[in-house]
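**Q** So the sequence lines, in the order shown, correspond to chains A and B.
Mapping the first sequence onto the working numbering, position 184 (from 1) lands on 184, and the numbers just tick up by one.
In the working numbering, each number is its position in the second sequence, counted from 1, plus 1000.
Quick reminder that beta carbons are idealized off the backbone N, C-alpha and C, glycines included.
Below you will find the structure I want to go over with you.
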Amino acid sequence: MSDTQASSAETNQAESDDQTHFGFKQVDKNQKASMVADVFHSVAAKYDVMNDLMSMGIHRIWKRFTIDCSGVRAGHKVLDLAGGTGDLAAKFSRIVGESGKVVLADINNAMLTVGRDKLRDMGIVNNIDYVQANAEALPFPDNTFDLITIAFGLRNVTDKDKALASMYRVLKPGGRLLVLEFSKPESEMLSKVYDLYSFHLLPKMGKLVANDSESYQYLAESIRMHPDQETLKGMMDAVGFEQTTYHNLTGGIVALHRGFKF
Amino acid sequence: MPAAQLVSASIERIINHLLKLDSDSKAALAKLKGKRLTVKLREFPWPLTFVFSDKVDVLVNESFDNQSQKEQANISLQDTASANQDCRIELSFSALQTIQDSSQITGLIQRNELKLDGDLSVAQGFGDLIKNIDIDWEEQLSKYTGDVIAHSVFNAGKQAARKINKHTKALLTILSEGAIEEKNIAAHKLLVEDFCSDVNQLRSATERLEARLTLLEKQRLKTT
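Now the structure itself:
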């Protein structure tokens, strides 16, 4: 059995029946959303600082790459799912202009509030809406958006297949989905260094800066439990996305998946 | 790490920081609001798209995988930039200065030094925006140090610059006189001018002689 198949099988096994993973733990599917919500309630205030610290600022470059691959133009409607503190939404808002629209959606009210305050402070008010929404059941009509992005959010979703199907439904024909997410490092050496960093250093940094080591322990575990590049590509294909491809960033620590709806 | 994004982020940061320091640039930026300009410098591997709002966002016309990156490098400007640009230009770094002068543009296009599609005034407006950034550095410093210190620092700086200029001129004079008068390794300006004048006279005399010889040669050929 190949690594990809093994990984896929593990993921399927982990998400069988009424159980799903929460980091390395197995929990009831109906509990995961509230447990993830607790994590993000806890980290919301320090989210941007911790992102900069943990990635040494590289997350900004990954997000820039996502925006550059979006093909978004003036007048487009963009859904920034799990938009957190609005890093992507701020730039999309300026690019789509007054004739376009950006919807910043997040399941977590604390993250949404931080994002809304931040964007308002930046003077971004005219073409942006804020929606508290579950990615598995998006509250939008079919064929609404030209672009959907979900950056570092999909791994926290309980039923990823359902979420991808929901995104496919609200995407316009010709529109594209971009999934920016932690993935599997390409080299064995990088993988070991990355494990060392994320399981030993990351929780300590979380404790020191945000006084919350458990949330950052969950972050490291949830990254390992997230489907690898090929598995996620297969999941996107399965719900109907076409021309699905991915691009590894920083040696595969992060991957950007892209799929179109035709 | 994607190098293109690192470069575009740096360019964007520098432009927006400079614009922020010059409050007068707001009006010029407002004229470009909602416009998009794609610039492909021939010496630069990626076309850059500038999106104007109350800030300038710099995007890289990114391709997703290596294959399409190769394709993008080979195809023309019309194909690389998305169809929704207000202006697309492709030019070399050396032509950047010339493009500011409208009378030179036809020449640049004819010499294939500039490919242009769309409204050139967007590119010229962006050029003017950058060129006309005028930052009062003393004012900027005073925000951190107070007016008195900032004024003193800049006054001292100006005096130092004047002194350095003066000393540089004096040093050049000393070196020049030393080379001409004492070491005799360079000629005096008047001697150089005399020499040039003599060379010109010699050139004229030679040309006259050449013309006379040509005439005599023609006459000899006629008589024989």
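#1: Taking the C-alpha atoms as reference points, what is the distance between Glu221/A and Leu249/A?
#2: Under the rule that 16 or more other beta-carbon atoms within 10 Å means buried, what is Phe1093/B, buried or exposed?
#3: If you measure from the beta carbon of Asp1057/B to each beta carbon in chain A, is any gap under 8 Å?
#4: Mind checking if Gln1104/B is an interface residue toward chain A, Cβ cutoff 8 Å exclusive?
#5: Comparing the C-beta of Ser8/A with each C-beta of chain B, is any distance below 8 Å?
#6: Hey, how far is the Cα of Leu180/A from the Cα of His257/A?
#7: Could you tell me the alpha carbon to alpha carbon distance between Ala1073/B and Leu81/A, rounded to whole angstroms?
#8: Which residue or residues does DSSP assign as beta-bridge partners of Arg176/A?
#9: Could you tell me if Lys184/A is buried or exposed, where buried requires 16 or more neighbouring beta carbons within 10 angstroms of its beta carbon?
#10: Can you pull the chain E neighbours of Arg60/A, defined as C-beta to C-beta under 9 Å?
#11: Which residue marks the beginning of the alpha helix (DSSP H) containing His1151/B, and which one marks its end?
#12: Quick check on Thr1049/B: buried or exposed, where buried means 16 or more other Cβ atoms within 10 Å of its Cβ?
#13: Exposed or buried, what is Ala1253/B when buried is set at 16 or more other beta-carbons lying within 10 Å of its beta-carbon?
#14: Less than 8 Å between the beta carbons of Gly1127/B and Ile1099/B, yes or no?
#15: Give the DSSP-derived three-state secondary structure of Thr85/A in the structure shown.
#16: My guess is that Gly115/A and Gly84/A are in contact by the Cβ rule of under 8 Å, so how many angstroms apart are they, rounded?
#17: At what residues does the alpha helix (DSSP H) containing Asp1117/B begin and finish?
#18: What separation, rounded to the nearest whole angstrom, lies between the Cα atoms of Ile223/A and Lys204/A?
#19: Could you work out which residue in Leu79/A, His76/A, Asp87/A, Met50/A is closest to Phe65/A when comparing CA atoms only?
#20: Between which two residues does the alpha helix (DSSP H) harbouring Lys192/A extend?
#21: Check each candidate in Val1058/B, Val1153/B, Ala1027/B, Arg1042/B and name the one with the smallest Cα separation from Leu1006/B.
#22: With hydrogens ignored, establish whether the beta-carbon of Ala255/A is closer than 7 Å to any heavy atom of the ligand COA.
#23: What would DSSP say about Glu242/A, mapped onto helix, strand or coil?
#24: Taking Cβ-Cβ distances below 8 Å as the criterion, which residues of the segment 98-128 of chain A are in contact with chain B?
#25: If you draw a straight line from the alpha carbon of Ile1174/B to that of Lys1163/B, how long is it in whole angstroms?
#26: Using the three-state DSSP reduction, which class does Ala90/A fall into: helix, strand or coil?
#27: Report, in whole angstroms, the separation of the C-beta atoms of Ser93/A and Ile61/A, which I expect to be a contact under 8 Å.
#28: If contact is defined by three or more beta carbon pairs under 8 Å, each pair taking one atom from either stretch, is the segment 1032-1052 of chain B in contact with the segment 1004-1024 of chain B?
#29: Enumerate in chain order the residues of its own chain whose CB-to-CB distance from Gln1124/B is below 8 Å, with the five nearest sequence positions on each side excluded.
#30: Taking its Cβ as the centre, do 16 or more other Cβ atoms sit within 10 Å of Arg73/A, making it buried, or is it exposed?
#31: In chain order, what residues of the same chain have a beta carbon less than 7 Å from the beta carbon of Gln1110/B, not counting five sequence neighbours either side?
#32: Would you mind giving the Cβ-Cβ distance between Ala89/A and Leu112/A, rounded to the nearest angstrom? I have them listed as a contact below 8 Å.
#33: Give, in chain order, every unbroken run of the beta strand (DSSP E) that is at least 3 residues long and sits entirely within the segment 57-140 of chain A.
#34: Do you know how far the Cα of Lys1055/B is from the Cα of Lys1033/B?
#35: Use the C-beta contact count for Gln1085/B: other C-beta atoms within 10 angstroms, 16 or more gives buried, fewer gives exposed.
#36: From the beta carbon of Gly1118/B, is the nearest beta carbon of chain A less than 8 Å away?
**A** Answer, in terms of the structure:
#1: In a straight line, the C-alpha of Glu221/A is about 20 Å away from that of Leu249/A.
#2: Around the beta carbon of Phe1093/B, fewer than 16 other beta carbons sit within 10 angstroms, so the residue counts as exposed.
#3: So yes, Asp1057/B belongs to the interface.
#4: With 8 Å as the cut-off, Gln1104/B does not count as an interface residue toward chain A.
#5: Residue placement at Ser8/A is flagged as unreliable, the pLDDT there being 45, under the threshold of 50; the coordinate-derived value follows with that caveat. For Ser8/A, the answer is no, since every Cβ of chain B falls outside 8 Å of its Cβ.
#6: Each residue's Cα considered, the two are about 6 Å apart.
#7: Low local confidence applies: a pLDDT of 40 at Ala1073/B is under 50, so the model's placement there is unreliable, and no value is given.
#8: According to the DSSP secondary-structure assignment, Arg176/A is paired through a beta bridge with Leu147/A, Phe260/A.
#9: It is buried - the Cβ of Lys184/A has at least 16 other Cβ atoms within 10 Å.
#10: The structure shown contains no chain E; its protein chains are A and B.
#11: For His1151/B, the enclosing alpha helix (DSSP H) has its first and last residue at 1147-1177.
#12: Counting the other CB atoms within 10 Å of its CB gives Thr1049/B a total of 16 or more, which places it among the buried residues.
#13: This structure cannot settle anything about residue 1253/B, because the visible part of chain B is limited to 1001 through 1224.
#14: The answer is yes: Cβ separation under 8 Å.
#15: Thr85/A: coil per DSSP, three-state reduction.
#16: Confirmed, Cβ separation roughly 6 Å.
#17: Taken as a continuous stretch (DSSP letters only), Asp1117/B belongs to no alpha helix (DSSP H), being part of the beta strand (DSSP E) at 1114-1118.
#18: Cα to Cα, the separation comes out at about 17 Å.
#19: Minimum Cα distance to Phe65/A is reached at Asp87/A.
#20: Its alpha helix (DSSP H) spans residues 188-196.
#21: It is Val1058/B.
#22: With respect to the ligand COA, the structure shown offers nothing to examine, as it has no ligands at all.
#23: Strand at Glu242/A.
#24: Those would be Glu98, Gly123, in chain order.
#25: Rounded to whole angstroms, Ile1174/B and Lys1163/B show a C-alpha spacing of 16 Å.
#26: It is helical.
#27: Their Cβ separation, rounded to whole angstroms, is 20 Å, which puts Ser93/A and Ile61/A out of contact at 8 Å.
#28: The segment 1004-1024 of chain B, when compared against the segment 1032-1052 of chain B, does touch it at the 8 Å Cβ threshold.
#29: Ile1099, Gln1100, Ser1102, listed in sequence order.
#30: Answer is buried; the Cβ neighbour count reaches 16.
#31: Taken in chain order, the list of residues that qualify is empty.
#32: Distance from Ala89/A to Leu112/A at the Cβ level is roughly 11 Å; contact not present, criterion being Cβ atoms closer than 8 Å.
#33: Counting only runs of 3 or more, we get 77-81, 101-106, 128-132.
#34: Distance between Lys1033/B and Lys1055/B, taken at the CA atoms: about 9 Å.
#35: Buried: at least 16 other Cβ atoms inside 10 Å.
#36: At a cut-off of 8 Å, the C-beta of Gly1118/B has no neighbouring C-beta in chain A.
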